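Scroll down for the structure; my scribbles are underneath it.
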C-alpha cells in the first residue's frame, strides 16, 4: 500500500453521529469521518436535492443553510455540523407545494437544466430574508456565488425581482387589512 | 431504483400547464427542479451498488510498459479492477471514426486518458485503489504544436496518422484581386462546455450478464448505445439506455466518456455500478471546443464589396478524432460569414496532437470561423473608411445567394434586418464607469483599479451565419409516437432533454395539433427509434417535426372516426380550441368526447432533406439549413489593469417563429453568456500537454456580476422549410457575441486584438 493511504481511517470504521436536518434528527452511521456534508446529505441521508458541481466552493450548487448561514455543503465536514440547524432544499417547502421563490423561478423561465437551481433557491431565500427589496446590482452581487451555465442569469434576476415585488404588495395589502 | 425517475421522463400530467405553440407555458419538469426532487443522472442509485472510478494517464504521450494491480487488489472493499485486456468487444470507440481506446493499451496520448477502472464500496476506497495501481510508463516527447501535424514533421502518434482531415475550398476566379486587401492571423482558445451536472451514470447488469441497463446523461441515447454495445461485444438490443436527468450538455455529452466503463464494471461485478466524475475529471474526460489558428485575407472593392476571400484554418483536435472532421467542415464552409462572396481559396486542417481531445461545443466550428471573419470585416471597414454597420450591410447575404461551397441559401436570410434591428436597440444609458461613481461598477469592481476617468468605452459588432442540423450526406432523422385516448395525448421520443426545453415544446405541439390540454411524456429511452442528437440546433426542427408529424397522423385518425360517426367528410373537420368542428356545418365535439374509449396511435419519423458530400474543391450542398444573427457589444475597459466589464449586448436573431418566446429568450441569454465567457475569461490552459486549470477556481465562468444587460429583438419570418416554421435557436447566440465583445475592446483601446479570450496582458502590453 502506498504512503498516501497511511493513517487514513478505513471506510466503515463505524462513526456514528446525529445531524439536525430540516427540523429532524438524522442518525449517520458507519460513516468515514472525512465525508463532506454534501456527501452525507446525498449518499447517507438520501437528500439528493443538494448538488455537487465543483467540490471547491466556487459554484454554489451545494448551498445549504447552517444555523441560518448560507454555506457550501461541499466545504463543510459533515461531522463538524453536529449540533447545528441544517436546512437543505428539501426543507424549503413540501413536495408539490413550492415556495414563492421556487414558483417564481418556474414562472420566470429561470430554470433550464436545473442543476444550479436548488443552490440558487437557497441563496435567493437567504438574500430576500436579509434584504427584502434588493436592487438589481445587489441581486447580482449577492448571487454571484452561484454559477448557472444555461440561462445567462437574466430570467433568474427577473424571478428574484418578481418575488420581491409580490412580497412587498402582499405586505402592503396585509397592513391595509390590519389597519 | 431507490430514487424516483427523472420527472421529465414519464411525468404525470400537470393540469396547470396548458400552453400551446406561441405561448410560454412552464416547463413540465420545472417544479421538480426547483424543489430538488428532479433526479439527475448523478442522483440515481440502486440497491447494492458499487462506486466506479477511472485511473487516468499523467502523461501527454507515453508507452505503457506494465500495469501492476496487485497492491490495489489488497485494499478492502475493491470488487473489480479492469484494463484494456478486459474489454470483450471492440477496443475503441468514436462518433465518426473509432480511434479512441476504451482503455489505453500500448500508448497513452493525452493527460487524462483512461488506463484502468475500479469498482469498490466507497468513493474513497476507489481513490485509494487508483493510487495503488502501479503503471510503468516510457515517457515520450509529446506532439503539442498542431502545425507540426500539418507539415508532417512529427512521426505519427496514432496508427491513423496525425491529420484527421484536410479540406480545400476553391470557388470562382481565384486569380482575381481587390483594390482593398486586408489580412490577419486569429487565434481562438480552448473553451470548456462546463455544464454543471458532472458526468454520471448508473449501470445495472442483467442476470448472467445477458445485457445491461444504463441510466446516463447524454445527448444521443441511440448513438451511445451503438458504441457501447460494440465495445461490450453485445448486440444493440442487449444494451438499454434511459436518459438520466441531464445537467447541461453544450456538446460535451455527444461523445462517450464513462458509459462503457460503467457498463463493463457492472457486468464484471454483477452489481449495479455508479460512476460520478469530479470537476477535474470532467475537464479531462470530455471533448472541448477546438483551439484554432486562422489566417484570412479579404479582397474588396474601394466601396467595401467583398471580391475574394483566402483563408487557412488549423484546428487542434487533440489526441482522438471525435467530431473533428465535421467541426472542420463547419468552420471552412462558414469562412465568408453571412456575406456575399463569389471567389475563394480556403485550406483547412483538423489535426491530431497530444493535447486534450476536442469535438462538439455549441457553435461547432462556426465560432472559430466567425471570430476571424468578423475581425476581417472590421479591418475592411477601416480600410474603406466605412463604419462597422455599413460594411456589413453592403455585403449582407440574402436568400438565393451562394456559399463558397456553391450551395444556394434557400432559407429565409434576414441578415440586413438582423443588423438593422440590432442597431435600433438603445445603447446603455449607463455612463462610462457606471452611474453615481459607484466603484463597484468599474471593470474589476472596487479596489485598486483604474480611476473612473481612465476607463474607456467601446462598441463592437459581430454577425453570423450558422448551419442547422447535420451535414455531408448524413441521413438525420427523429422518431416520435403519439397516442390519443380519452382526451389525453401521450408522447414518446428518445430526444435528450438537456435543459433546452424540448419537453415543454413537445407538449405545446401536441396541444396545438390535437386540441387537448393533458399531455403525458413517456420515459426518454431506447425503446423507440432514434431522435438523433440534441445538438446542431436541431431538436425543435427534427424532434419537433417528428412530434408534429405523429400528432397530425393521429388527428387524421380522429377526424376519420368523428367523420364516420357523423357522416361528414373528414376533410371538413378541424380543431378549434378543445373541440373537433365541422368547418362547413354546426358539428362541434370536444376532443375528449371524440376520443373517449378509443385509442389512436401513430409513430412518425421526420427526416430532413438529403445533403451531399463536398468534392475535393469543397463544392457541394453539404448543409441542411441556415440561421442568422447579429450582436452589438458595449464594454468598459480598464487599460491599466487590462480589465473588461461588458456593459450590454444587443442582438436580433433570425428564429423563424417563436414557438415558446420565454424559452427562446433563455437560449439567447444563455448562449450570449457563453460567448462573453469565450471573449474575456474562458480558456483551458495547457502547457506541454498538461492542463493547468481543470477546476472552477482557475477556469473562469461568467457569474451574475459578469453578465451584461441583454437586449433582444426576435426576427420572426417563419421558414417554409422548417416543419413548424421555427429555426433552431441554441447556437447562434454564442457565435457572433464573442467577436462583438472583442471588437468592442479593440474599439475602446485602439489595439489590434486578434486572439480570444482577450487576456489582461493583451490589453495592457
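Protein chains in written order, with the numbering used here: chain A, -10 to 168; chain B, 6 to 770. Ideal Cβ positions, reconstructed from N, Cα and C, are used throughout, including at glycine. Just so it is clear, the structure is predicted and the values come from calculations on it, not from any experiment.
- Under the 8 Å criterion on CB atoms, residue 677(B) is classed as interfacial with respect to chain A.
- In this model, residue 92(A) and residue 580(B) are separated by some 32 Å (Cα to Cα).
- Membership of residue 73(B) in the beta strand (DSSP E) is indicated by the continuous run 67 to 73.
- Remark: C-beta atoms of residue 332(B) and residue 349(B) do not approach each other more closely than 8 Å.
- Residue state for residue 320(B) is assigned as strand, using DSSP reduced to three classes.
- For the segment 293 to 376 of chain B, the continuous alpha helix (DSSP H) assignments of 4+ residues that do not extend past its boundaries occur at 329 to 338, in sequence order.
- In the structure shown, residue 703(B) adopts coil according to DSSP, grouped into three states.
- For residue 313(B), same chain residues with a beta-carbon under 6 Å away, outside a window of 5 residues either side, are 181, 304 and 348 in chain order.
- In this structure, the beta-carbon distance from residue 729(B) to residue 646(B) does not fall below 8 Å.
- Under the DSSP definition of a beta bridge, residue 207(B) partners with 220(B) and 279(B).
- Residue contact with chain B for residue 19(A): absent (no Cβ-Cβ distance below 8 Å to any residue of chain B).
- Identification of residues in the segment 704 to 717 of chain B having a C-beta nearer than 7 Å to some C-beta of chain A yields 706, 708, 709, 710, 712 and 715, given in sequence order.
- Under a criterion of Cβ atoms nearer than 8 Å, the residues of chain A adjacent to residue 700(B) are, in order, 43, 45 and 47.
- 94, 95, 96, 98, 100, 101, 102, 103, 104, 105, 106, 107 and 110: these are the residues of the segment 92 to 113 of chain A whose beta carbon lies less than 7 Å from some beta carbon of chain B, given in chain order.
- Residue pairing by DSSP leaves residue 725(B) without any beta bridge partner.
- Around the C-beta of residue 123(A), 16 or more other C-beta atoms lie within 10 Å, and the residue is accordingly described as buried.
- Cβ-Cβ separation between residue 699(B) and residue 289(B): approximately 6 Å, consistent with a contact (criterion under 8 Å).
- Taking 8 Å as the cut-off, the Cβ atoms of residue 176(B) and residue 111(B) do not count as close.
- When Cβ pairs closer than 8 Å are counted between the two stretches, the segment 614 to 627 of chain B is seen not to touch the segment 571 to 586 of chain B, the count staying below three.
- Residues of the segment 23 to 48 of chain B that bring their beta carbon within less than 9 Å of a beta carbon in chain A comprise 29, 31, 32, 34, 35, 36, 37, 38, 39, 40, 41, 42, 43, 44, 45, 47 and 48, in sequence order.
- Residues of chain B with a Cβ closer than 7 Å to the Cβ of residue 29(A) do not exist, since the nearest Cβ in that chain sits about 12 Å away.
- Listed along the chain, the chain A residues whose CB falls inside 7 Å of the CB of residue 252(B) are 102 and 104.
- Of 171(B), 658(B), 255(B) and 684(B), the smallest CA-CA separation from residue 621(B) is found for 171(B).
- Contact between the segment 207 to 217 of chain B and the segment 443 to 452 of chain B is absent: fewer than 3 CB-CB pairs across the two stretches fall below 8 Å.
- Unbroken alpha helix (DSSP H) runs of no fewer than 4 residues, entirely contained in the segment 63 to 139 of chain A, are found at 89 to 97, 106 to 119 and 125 to 131, following chain order.
- Around the C-beta of residue 237(B), 16 or more other C-beta atoms lie within 10 Å, and the residue is accordingly described as buried.
- The three-state secondary structure of residue 5(A), taken from DSSP, is strand.
- Among the CB atoms of chain A, one or more fall inside 8 Å of the CB of residue 505(B).
- When DSSP reads this structure, residue 471(B) sits in a beta bridge with 632(B).
- Below 8 Å, enough C-beta pairs join the segment 91 to 110 of chain B and the segment 227 to 241 of chain B to call them touching: three or more.
- Collapsing the DSSP output to three states places residue 31(B) in coil.
- Beyond the five residues adjoining it in sequence on each side, residue 716(B) comes within less than 6 Å, by CB distance, of 430 and 655 in the same chain, given in chain order.
- Under the Cβ criterion (8 Å, minimum of three pairs), the segment 407 to 415 of chain B does not count as touching the segment 447 to 464 of chain B.
- Residues of the segment 135 to 151 of chain A with a C-beta less than 8 Å from any C-beta of chain B: 135, 136, 137, 138, 139, 140, 141, 142, 143, 144, 145 and 146, listed in chain order.
- Boundaries of the alpha helix (DSSP H) harbouring residue 546(B): 544 to 571, taken from the DSSP string.
- Taking one beta carbon from each stretch, the segment 193 to 203 of chain B and the segment 382 to 398 of chain B have fewer than 3 pairs nearer than 8 Å; the two do not touch.
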